[in-house]
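For the sequence shown, full-length UniProt numbering assigns the number 1 to the initial residue and increments by one for each residue that follows.
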Amino acid sequence: MNKKEMEPSREGVSPPVPRPVKLQAEGISMRFDDLAVLEGISFSLAEREFLCLLGPSGCGKSTLLRILSGLLLPVSGRVLLDGEEITGRTGKVSYMHQRDLLLPWKTVLDNVAVPLVLKGYGWKEAREKARAHLEAFGLKGFEAYYPSQLSGGMRQRVALLRTYLYRNDVMLLDEPFGALDAITRERLQEWLLGVVERLSTSVLLVTHDVDEAILLADRILVLSPRPGRVVAAHPVPFPRPRTREHLLTTDYLSLKANILEELRTWSR
Numbered sequence: 001m002n003k004k005e006m007e008p009s010r011e012g013v014s015p016p017v018p019r020p021v022k023l024q025a026e027g028i029s030m031r032f033d034d035l036a037v038l039e040g041i042s043f044s045l046a047e048r049e050f051l052c053l054l055g056p057s058g059c060g061k062s063t064l065l066r067i068l069s070g071l072l073l074p075v076s077g078r079v080l081l082d083g084e085e086i087t088g089r090t091g092k093v094s095y096m097h098q099r100d101l102l103l104p105w106k107t108v109l110d111n112v113a114v115p116l117v118l119k120g121y122g123w124k125e126a127r128e129k130a131r132a133h134l135e136a137f138g139l140k141g142f143e144a145y146y147p148s149q150l151s152g153g154m155r156q157r158v159a160l161l162r163t164y165l166y167r168n169d170v171m172l173l174d175e176p177f178g179a180l181d182a183i184t185r186e187r188l189q190e191w192l193l194g195v196v197e198r199l200s201t202s203v204l205l206v207t208h209d210v211d212e213a214i215l216l217a218d219r220i221l222v223l224s225p226r227p228g229r230v231v232a233a234h235p236v237p238f239p240r241p242r243t244r245e246h247l248l249t250t251d252y253l254s255l256k257a258n259i260l261e262e263l264r265t266w267s268r
């Protein structure tokens, strides 16, 4: 048998169908007085894609999320959701801040139900809908707890579920694990991997942690120091479901080295 005969036949095999674009940034620039923060940011987030924005502190990552969520108007550029312009319009995507922003006087269940009430549901129906998601987010049995009774990791789970229920097709996460200790952070990263596998949602996560980006993302965009610009894009070559064992491979070491070199180069 020759080499050609050994190769699998590709007759009738169609190439992978690209996922439709869910969220798109076109030429986003931002200034605060004389300070240029973002410059010409353009990228897209596909349906069910996990995209990480990676860059040094102060490069405008959080500002970009606020623009994408409609909380800030850019100096120039626009934001589109499913092809419709949503620049400056809030309530179109979910946005989780760096801090969990839980209401200390409300229980876990009521904190989670808040976004549903804001959508127009009554409290009874909102609680019922929220309760149905508690187990998937590791919160079953904690319904009656108050935020002060929870660990940092549990508070972040509550905040993530609240974000998901507000708008479950696009989630913008601003360094959700940045304030946690190393062990809790690793546990939450692994938990998020499992949750995302079960949810039909598109996720855009901001981080400055290269390991976190490679572990979680389907694709990584590298931003330059301020003013932030997209200077590189990297598909992550690891299949899903994904584990930390992927971070022990030569592919991982090569990708991490390339990203770190890009960050060093643009920071000079």
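Think of the CB as a built atom: it goes at the ideal place given N, C-alpha and C, for glycine as much as any other residue.
Mind checking who Pro-235 pairs with in its DSSP beta bridge?
Arg-219
In whole angstroms, what is the alpha-carbon distance linking Gly-228 and Tyr-121?
39 Å
Measure the Cβ-Cβ separation of Ser-94 and Val-170 and say whether it is below 8 Å.
yes
On the three-state DSSP scale, how would you describe Ala-36?
strand
Only counting the same chain, and skipping five residues up and downstream in sequence, which positions put a Cβ closer than 8 Å to that of Ala-217?
Phe-50, Leu-51, Cys-52, Leu-205 and Val-236
Evaluate contact between the segment 19-28 and the segment 64-84, counting only Cβ atoms and requiring at least three cross-stretch pairs below 8 Å.
yes
Kindly indicate the opening and closing residues of the alpha helix (DSSP H) around residue 335.
Outside the displayed span of the chain (1 to 268) sits residue 335, for which this structure offers no information.
Residue range of the beta strand (DSSP E) that Arg-78 falls in?
76-81
Is it buried or exposed, Pro-241, if we count other Cβ atoms within 10 angstroms and call 16 or more buried?
exposed
Rounded C-beta distance between Tyr-164 and Thr-201? I'm assuming under 8 Å.
7 Å
Between the alpha carbons of Glu-212 and Ala-179, how many angstroms are there, rounded?
Using only the alpha carbons, I get a separation of about 14 Å.
Reducing DSSP to helix, strand and coil, say where Lys-22 ends up.
strand
Please classify Ala-132 as buried or exposed, where buried requires at least 16 other C-beta atoms within 10 Å of its C-beta.
exposed
Once the 5 residues before and after Leu-161 are set aside, which same chain residues still bring their CB inside 7 Å of it?
Val-112, His-133, Phe-137 and Leu-139
In angstroms, rounded to a whole number, what distance separates the CA positions of Met-1 and Lys-256?
Summary for Met-1: the model assigns pLDDT 42, below 50, so the residue's position carries little reliability, and this model does not support an answer.
Quick check: the Cα distance between Ser-14 and Leu-103, rounded to an integer number of angstroms?
Because the pLDDT at Ser-14 is just 44, under 50, the model does not fix this residue reliably, and the value given afterwards should be weighed accordingly. Each residue's Cα considered, the two are about 50 Å apart.
Please name the residue in Thr-265, Pro-239, Leu-260 and Arg-226 whose C-alpha comes closest to that of Gly-40.
Arg-226
Kindly indicate which three-state DSSP category Tyr-95 falls into: helix, strand or coil?
strand
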